[in-house]
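Throughout the sequence shown, residue numbering follows our numbering, covering 119 to 833 in sequence. Presented below is the structure to which this report refers.
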Amino acid sequence: MKGKATNTGKNKDRVSMILLGFYAIFLVLSLWIIGKIFYVQFIWELPTNSLEEFIPNYEKDVIHPDRGDILDCNGKILASSAPVYELRMDCCILKRELSSGQKIKAGKDSLNEESWRKGTMELCRGIAGIVKKGKTAEEYYSEIIRHRENDNIRGRRDLLLISDISHSEMNKIRTLPFYCKGQYVCGMKEKKSLKRIYPYQGLAERVIGDIRFDPKNPERNRSIGLDGQYNYLLHGKEGVQWMKSTDRGKAINPDSTVVEVEHGQDIRTTIDISIQDIADKAIRAHISEDAGIEGACAVVMEVKTGAIKAMANLKKNSKGELKESYNMAIGRSGAPGSVFKTATLMTLLEDGKVTLDTKVETNGGYLKEFPDLHIDKQLKNYIDQTGNKTITVREGLAISSNNVFRHLVIKHYGENAETIKQFTDRLYEYKLDGSYTFDLKEDAYGTSSLRNSWNIHDLYSTAIGYSIRQTPLSILTFYNAIANDGRMMKPYLIESFERNGAALKKFKPEILNGAICSGQTADSLTSALKAVATEGTAARRMKGAKCEVAGKTGTAWIYLDPQDKPLKDKPWETADGERKYQATFVGFFPADNPEYSAIVTVYTTLTKSLGYGGGNQPAKIFRNIVDHIWALEDEWGETLEDTYEMPYMKENYIGTRQSSAPMPNLIGFGLKDAMYALENNGYRCTYEGVGHVVRQSIPGGTIDKKNATVHLILK
C-alpha cells in the first residue's frame, strides 16, 4: 500500500510540473504579444518604401458639376459653359530609349528616333490643319524639337502647344494616326476645362456678368452680374467617386461610396435679346462718333409687370471703343433734372393744388419769389414767341420751364415746415428714394436719396430735379407707374430658376405701391407727357414716330470729381467753363395703351457745348428704340378697318430696275401683292402664316443690297 501511495504522489507532482511548464510558456508568450503590440503601436514606423504594399490603390476623383446656363425670356442662351482643351507635349518622351538605338514597339510598328520625328511632323500638320487659329505645322514642330534637343530648357516635359481648342476640334485631333498611338509614344497630353461662352457676344454683358479669379493678381478678381450674384445656384455641387488603378487604366471602385454630382441650375431672365439688340444698336448709332459723350444706358420695361426686357450699358474705354464695363442703369445715381418735374406735377395734381389748365404768370422769365435768381431761358423763349403773360401748367411741362414749377411748389408748399413735409412725404410714397431691392447690385446701387431736412431752397431745387439723386432704373420705375394707371410695379430681371427645362422656382410680378396716384392724375400726366413729345422739348425728335410717345426730357449738371479740378463755388464747372451733363429721356409707348416704358440716359465728358440736352441724343435713341420695337411686335402692325382700301399694285407695272429701291412698307398687303412689290424693287421674299402682312424683317423705307431676302409674317 505504501508503494502505491508513493507512485500516486509522484504522478501528481509530474502533472503539476507539466501544468507549470505550460503556464510559464503561455506567460512568456503573452508578455511577448503584449510587448509586440506596444512596440507596433507606439514605437515601430512603417518604412516609406513599403507604403504602397499597405495602402489600397484607390484615389479620390472629384466630379465637377456643369455650370448652369443663363437664358433670355424665350429660352435663347445668353451664357453657357462648353468644354475646351489645351494640348501639352512631353518633348522628351522615349528620348533616352530611341537615342541609344533601341526600337520601340508601337502597335504594329516599331519606332526609332527618325520615325518618331516623322510621326511628330505629321501630327503637327494635322493639328495645324484642324485648329486654324494656331501656329503653322513648321512652327509647332520646330518648337518641339528645340525643347527635345536642349536639356537646359525648362518645361521640356510639359510644353503648352495650343489652348482654347473646341470639343469638335479635339475629336478630330484624336483621330490623327500618330496621336492614336497614345500619350506614351507621341507625348501629347490633353487637358479639359470649361469655358463660359456668350452666343450674343457683348449684348447684355454687364447684366449677364462673370466671375474672374486671379490668385496672382487679386485686384483683377471680380464677381459681377447674374453670373456672379447667383454663382451659388449656377455652380451646382461637386460629386465624389473612388477610382482604382488597373492594368487598363482607372476604373470606378464598385465597392466605394459615391456622392452624386448636382449640376447647376439655369436662370431664365426677363431679357428679350431682340429688344436688347435694338437698345444696344440704338445707343451705338448715336454716340459712337461723338467725342463729347462718355457713355449711355437704356432700359426697357414691360408696363404691366415690371419685367426688364432690355438693359444696355455702353461706356467708351481708353481706345474709344464702346464696352459694357459698368451697369450705369442701376449703379450710377445723379440729379435727375427736369424728368423729376413730373413727380412735382403729380403731387400738385393729387393734392388738388392745380390742374393742367391752371395759369401761371410768366413774370418776364424770372422767379417771382426770388427775382435775383437767373432767368428761365425756356420761359423767356415762350414769352418771345407768344407774347403771353401767363402760361398753363401743361405748357410749362411741355417746354420744361424751371420757374413755373419752382413757383408752384413755393406757393403751395413753402409756407412752413409742415407744408414742406407734406410735399416730401408724397415723394417717399413714390419710392423715389429707391427703397426696394433689385435682382442685381452694383457698387453704387441704392444711393438714390432724398434729404432728411428741408428748407425753402431745397424745396424749389428738388421741384426741378436737383437736391436729389436717382438711378435711371429708379426714374423709370416711377414713369412706368404712370403708364400703369398709378400702380407701381417692382422691376425684376429673373423669371425663373430651372433645371433640364423644368422650373424649380418662378418669380411673379410684385406691386410696390398699388396706387401712387389716382387714375385721373395718371391720365392727366399722360396727356401732359404727350404734349412734351408733340409740341414740347422732344417734338422735333418724336415727329413721325411709328407710334405715339408720352415722355419727358431732362438735363442736369454732374458734380465733378476732384481730378476734374472743379471750382469751389461751382463744383459742377471748371475754371475753363467746362461741364459734364447727364441728359435723359424717359417715357412710355404707345401713349394711350402703353406696352413698354423706357429710359435713355447719356453722360458727357467735360464740354462747353450746350447741345447735350435730353431732347437731343437721348430722345433720338429713344425714338430709334420705339420704331424698331414697333416693327418687331406683330400686333402693332397697321390693322385694316372694314372701310379701309386694300393697298394694290398696278397690274400693268413692269419693273426694269437694275439695283434695289427703298424697301416698300408692306403692312396690310396680301401675299401676292407683297411678293409682286418686293420682286419689282429687287428683293426676294420668304413668308410664314396666312392672311395679310403684319410684320416684315426689313423695315419700310430702308435700302438694302440687291436680291436681299425679306421675311414676312402674315396673319
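The C-beta atom is built at its ideal place from N, Cα and C for all residues, glycine as well. If you're wondering where the values come from, they're calculated on a predicted model, not measured in any experiment.
In this structure, Val418 lies away from Ala403, with their beta-carbon atoms at least 8 Å apart. Counting only unbroken stretches of 3 or more residues, the beta strand (DSSP E) elements lying wholly within the region 552 to 639 are 612 to 617, 620 to 624, 629 to 631, in sequence order.
Taking the Cα positions, Gln814 is about 5 Å away from Leu830. Per DSSP, the continuous beta strand (DSSP E) segment holding Gly705 begins and ends at 699 to 707.
Where Thr480 is concerned, there is no enclosing beta strand (DSSP E), because DSSP gives it neither an H nor an E. Boundaries of the alpha helix (DSSP H) around Gly237: 231 to 248. Secondary structure at Leu189: strand, using DSSP grouped into helix, strand and coil. For Leu440 and Lys433, the gap between their C-alpha atoms comes out near 5 Å. At a Cβ-Cβ threshold of 8 Å, Gln383 and Gly186 count as neighbours. Proximity to Ile821 across Asn799, Cys803, Val812, Tyr805 peaks at Asn799, based on C-alpha coordinates.
In this structure, Gln735 sits away from Tyr721, with a CB-CB distance that is not shorter than 8 Å. In terms of Cα proximity to Thr580, the closest of Lys539, Thr480, Leu474 is Lys539. For Ala737 and Ile517, the gap between their C-alpha atoms comes out near 15 Å. Per the coordinates, the alpha-carbon of Pro708 lies some 21 Å from the alpha-carbon of Pro590. For Val377, same chain residues with a beta-carbon under 6 Å away, outside a window of 5 residues either side, are Gly357, Val358 in chain order. Secondary structure note for His746: its alpha helix (DSSP H) is the uninterrupted segment 735 to 750. Here Phe556 is not near Pro627, since their CB atoms are 8 Å or more apart. Exposed is the label assigned to Gly819, since fewer than 16 other Cβ atoms lie within 10 Å of its Cβ. The secondary-structure analysis by DSSP pairs Glu420 across a beta bridge with Tyr714. A residue is called buried once 16 or more other Cβ atoms fall within 10 Å of its Cβ, and Ile315, having fewer, is exposed. In this structure Tyr714 touches Glu420 by the C-beta definition: roughly 6 Å separates them, less than 8 Å. Ala663 sits away from Ile600, with the two beta carbons spaced by 8 Å or more. Annotation: Gln301 is outside any beta strand (DSSP E); the continuous alpha helix (DSSP H) that includes it extends over 301 to 304.
Counted as a single uninterrupted DSSP element, the beta strand (DSSP E) harbouring Leu432 occupies residues 426 to 434.
Comparing C-alpha distances from Leu229 to each of Glu806, Ala674, Cys304 shows the shortest one belongs to Cys304. The straight-line gap separating the alpha-carbon atoms of Met361 and Tyr348 is approximately 32 Å. Between the alpha carbons of Gln159 and Gly139 lies a distance of about 30 Å. Shown here, Glu380 sits in a strand according to DSSP, grouped into three states. Assigned with DSSP and collapsed to three states, Gly818 falls in coil, not helix or strand. Excluding residues up to 5 positions away in sequence, Cys415, Asn431 lie with their Cβ nearer than 6 Å to the Cβ of Met446 in the same chain. Sequence-distant Cβ neighbours of Gly732 in its own chain, meaning closer than 6 Å and more than five residues away, are Thr671, Gly672, Thr673, Ala701, Thr702, Phe703. A contact between stretches requires three or more CB pairs, one per stretch, nearer than 8 Å, and the region 321 to 334 fails this requirement with the region 137 to 153.
When C-beta atoms of the region 258 to 276 are compared with those of the region 238 to 250, three or more pairs fall below 8 Å, so the two segments count as touching. Boundaries around Arg330 are those of the beta strand (DSSP E), 328 to 330, since no alpha helix (DSSP H) includes it. As for any beta strand (DSSP E) of minimum length 3 sitting wholly inside the region 637 to 697, the runs are 668 to 675, ordered along the chain.
Partner residues in the beta bridge of Ala224, as assigned by DSSP, are Asp227.
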